[in-house]
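Novice:
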Amino acid sequence: MTEKKTPLLDELEKGKWPSFVTEIKRAAAKNAASAELLEVLERSYAERRGHWKHGGIVGVRGYGGGVIGRYVDEPQTYPNIAEFHTVRINQPSGFFYNTKTLRTICDLWEKHGSGLTNMHGSTGDIILLGCKTESIQPIFDDYSEAGFDLGGSGSCLRTTNCCVGPGRCEFACYDTLEACYNITNEFMDELHRPMWPYKSKIKFSGCANDCTGAIARADISVIGTWRDTLIIDQVAVKEYAAEKFPIKSQVCDKCPTKCLTYNAETQELAIVAEDCTRCNHCINLMPKAIRAGNEKGATILVGGKSTIVQSAFMSSVVVPFMKMEVEDDFAEFKDTVRRIWEWWDENGKTRERIGETIFRIGMGKFLTETEIPAVPQQVFRPRANPYVFWNQDDLDHSGTALDGSAL
Numbered sequence: 001m002t003e004k005k006t007p008l009l010d011e012l013e014k015g016k017w018p019s020f021v022t023e024i025k026r027a028a029a030k031n032a033a034s035a036e037l038l039e040v041l042e043r044s045y046a047e048r049r050g051h052w053k054h055g056g057i058v059g060v061r062g063y064g065g066g067v068i069g070r071y072v073d074e075p076q077t078y079p080n081i082a083e084f085h086t087v088r089i090n091q092p093s094g095f096f097y098n099t100k101t102l103r104t105i106c107d108l109w110e111k112h113g114s115g116l117t118n119m120h121g122s123t124g125d126i127i128l129l130g131c132k133t134e135s136i137q138p139i140f141d142d143y144s145e146a147g148f149d150l151g152g153s154g155s156c157l158r159t160t161n162c163c164v165g166p167g168r169c170e171f172a173c174y175d176t177l178e179a180c181y182n183i184t185n186e187f188m189d190e191l192h193r194p195m196w197p198y199k200s201k202i203k204f205s206g207c208a209n210d211c212t213g214a215i216a217r218a219d220i221s222v223i224g225t226w227r228d229t230l231i232i233d234q235v236a237v238k239e240y241a242a243e244k245f246p247i248k249s250q251v252c253d254k255c256p257t258k259c260l261t262y263n264a265e266t267q268e269l270a271i272v273a274e275d276c277t278r279c280n281h282c283i284n285l286m287p288k289a290i291r292a293g294n295e296k297g298a299t300i301l302v303g304g305k306s307t308i309v310q311s312a313f314m315s316s317v318v319v320p321f322m323k324m325e326v327e328d329d330f331a332e333f334k335d336t337v338r339r340i341w342e343w344w345d346e347n348g349k350t351r352e353r354i355g356e357t358i359f360r361i362g363m364g365k366f367l368t369e370t371e372i373p374a375v376p377q378q379v380f381r382p383r384a385n386p387y388v389f390w391n392q393d394d395l396d397h398s399g400t401a402l403d404g405s406a407l
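Note that the UniProt record's numbering has the sequence shown beginning at 1, numbered continuously upward.
1) Output needed for HIS397: all residues of its chain with C-beta closer than 8 Å, excluding positions within five of it in sequence on either side, in chain order.
2) Looking only at its chain, what residues have a beta carbon closer than 8 Å to the beta carbon of ILE136, apart from the 5 residues adjacent to it on each side?
3) On the criterion of 16 or more Cβ atoms from any shown chain inside 10 Å, does LEU269 qualify as buried, or is it exposed?
4) My parser needs the alpha helix (DSSP H) runs of 4 or more residues fully inside the segment 177-260; what are they?
5) Out of GLY304, LYS132, ARG360, which one is the CA nearest neighbour of residue 421?
6) For the segment 143-163 against the segment 183-203, are there 3 or more C-beta pairs whose distance is under 8 Å?
7) Please state whether DSSP places LEU157 in a helix, a strand or coil.
8) Report buried or exposed for LYS201, applying the criterion of at least 16 other Cβ atoms within 10 angstroms of its Cβ.
9) Does the separation of the CB atoms of ALA208 and ILE223 fall below 8 Å?
10) Can you tell me which of GLU265, TYR198, GLY15 puts its alpha carbon nearest to the alpha carbon of ARG351?
11) In the DSSP assignment, what residue or residues form a beta bridge with GLY297?
12) Once DSSP output is grouped into helix, strand and coil, what is the label at TYR97?
13) Taking THR229 as the reference, which of CYS211, PRO246, CYS259, ALA273 has the closest Cα?
14) Using the C-alpha atoms, what's the distance from HIS120 back to THR160?
15) Where do the ends of the alpha helix (DSSP H) carrying MET363 lie?
16) Which residue from TRP17, LYS111, ASP219 puts its Cα closest to that of ILE354?
17) For TRP226, which option in TYR181, ASN294, ILE247, GLY124 has the closest C-alpha, if you only look at C-alpha atoms?
18) Check each candidate in ILE340, GLY297, MET314 and name the one with the smallest Cα separation from MET324.
19) Once the 5 residues before and after TRP196 are set aside, which same chain residues still bring their CB inside 6 Å of it?
20) So, for ASN182: in the same chain, excluding its five sequence neighbours on each side, which residues have a beta-carbon less than 8 Å away from its beta-carbon?
21) Anyone know if the C-beta pair for SER205 and LEU301 falls short of 8 Å?
22) If distances are taken between C-alpha atoms only, which option among ILE127, SER122, SER93 comes closest to CYS106?
23) If we call anything under 8 Å between Cβ atoms a contact, is LEU285 one with GLN250?
24) Only counting the same chain, and skipping five residues up and downstream in sequence, which positions put a Cβ closer than 6 Å to that of GLU13?
25) Label THR400 either buried or exposed according to how many other C-beta atoms from any shown protein chain fall within 10 Å of its C-beta, with 16 as the threshold for buried.
26) Is GLU274 a contact residue of the ligand COA, with contact defined as CB to any heavy atom under 7 Å?
27) Contact between the segment 35-53 and the segment 3-11: three or more CB pairs below 8 Å?
28) Using only CA atoms, which one of GLN91, PHE366, GLU356, VAL317 lies nearest to ILE340?
29) Determine the contact status of THR104 and ALA46, defining contact as a CB-CB distance below 8 Å.
30) Measuring alpha carbon to alpha carbon, tell me which residue in GLU170, PRO194, ASN80 is nearest ARG70.
31) If we ignore side chains and look at the alpha-carbon of each, how far apart do PRO75 and ALA82 end up?
32) Among LYS254, PHE140, TYR240, LEU108, whose alpha-carbon lies nearest the alpha-carbon of ASN280?
33) Put TYR262 into one of helix, strand or coil per three-state DSSP.
34) Which residue's Cα is closest to the Cα of PHE313: GLY303, VAL319, PHE333?
35) Could you name the residues that DSSP lists as bridge partners for ALA29?
36) What residue range is occupied by the uninterrupted beta strand (DSSP E) comprising GLU327?
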């Protein structure tokens, strides 16, 4: 195989960081598709335009998603990548693999495709980059035999994703690994058979550090939290003070609600529990002295997404606290998710994510029709317009407007 010169791509191999170009070159040494991929990429950089196009529907028997069609725009010039489809494989919770599993993934992919992988895609899938249409079904059959399944693509539930949770993290407020696995199996039909206005994502983060980026990227974000008060070990606080850790400036002064105060004389921390927003800042800085309360669960947020119909949205709180109990099979969460999806499927327009439908129709209608109670935590800011009036039917028993506005 004649090696083509790629001066522009070679620039990306310089410096101390790993380069995807190096990995493509390694694959190109034994795969003609990867070699042509280098040529197309070099040409794209030189011409400052892409040479890929979407088109056609590709997939496996019985599934409506999991494979994304990719085609080069000059198949006569690049015959080995005329079809260069992407296959998504559902990843294990928390990305826990053993070496045998990783070898199996790579061996099967080198057998059928380009050998190039992306570990992992933005939704969490194992991404297999580049295969021909005729290879898609054999790929699925071999991976199924090895115990794998396809991930989501199209207007379906995208592959659920979670942080490492209790597997390695002391901050986890619920079992994200079990939640992700359980919910994936519960909604397998929604994952494999597109049926909605557009895609829907669920991400599980065990605490407010949100290591999955759920609040910015998921239609339904499940963020670990606690309902009672922070637990403070005053002896450990004194140990931090003895080590000259700047408790007041780094912890108390940077608390978003200033709910923590530090007494330099007694070297003790005090908290106004009702002001705490459970942001995890203090726990991150003083994990030996401060930890989450005992009554743990999750906050459910809805609406996060990147720019599609509307601009990018961050998720908004709809359920401030929900128990995420393995013992009851996450029943409350599943019921809530089904009601949200049913409302969105009924009201959403094509290519409209859940957050965009709520933005168009209104939070009040969303809460009413999904039977989610209006609570103060849903309020983004206090109401400012005195010329808006509400009928009695628009209020819940607490006197709060059903769109979350404070009256």
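Just so it is clear, CB atoms sit at the ideal spot from N, CA and C, and this is done for glycine as well.
Specialist: Let's see:
1) Reliability of the predicted coordinates at HIS397 is poor, the pLDDT of 47 falling under 50, and no value is obtained from them.
2) VAL58, GLY59, VAL60, VAL67, HIS85, VAL87
3) buried
4) 188-192, 214-217, 234-242
5) Here the chain covers residues 1 to 407 and nothing more, so residue 421 does not appear.
6) yes
7) In the structure shown, the three-state DSSP call for LEU157 is strand.
8) buried
9) A contact, by the Cβ cut-off of 8 Å.
10) Among GLU265, TYR198, GLY15, the Cα nearest to that of ARG351 is on TYR198.
11) THR225
12) coil
13) ALA273
14) Roughly 13 Å between the two C-alpha positions.
15) 363-370
16) Out of TRP17, LYS111, ASP219, ASP219 has the C-alpha closest to the C-alpha of ILE354.
17) ASN294
18) The closest CA to that of MET324, considering only ILE340, GLY297, MET314, is found on GLY297.
19) SER155, ASP345
20) Cβ contact annotation for ASN182 (same chain, cutoff 8 Å, sequence separation greater than five): VAL326, ASP329, PHE330, in chain order.
21) no
22) ILE127
23) yes
24) SER19, VAL21, THR22
25) Note that THR400 scores a pLDDT of 46, beneath 50, so its modelled location is shaky; the value from the coordinates is reported in the next line. That one is buried.
26) This structure does not include the ligand COA; it has no bound ligands of any sort.
27) A contact between stretches requires three or more CB pairs, one per stretch, nearer than 8 Å, and the segment 35-53 meets this requirement with the segment 3-11.
28) PHE366
29) no
30) ASN80
31) 4 Å
32) LYS254
33) strand
34) Looking from the CA of PHE313, the closest CA among GLY303, VAL319, PHE333 belongs to GLY303.
35) In DSSP, ALA29 forms no bridge with anything.
36) Note, GLU327: premise wrong, no beta strand (DSSP E); not H, not E.
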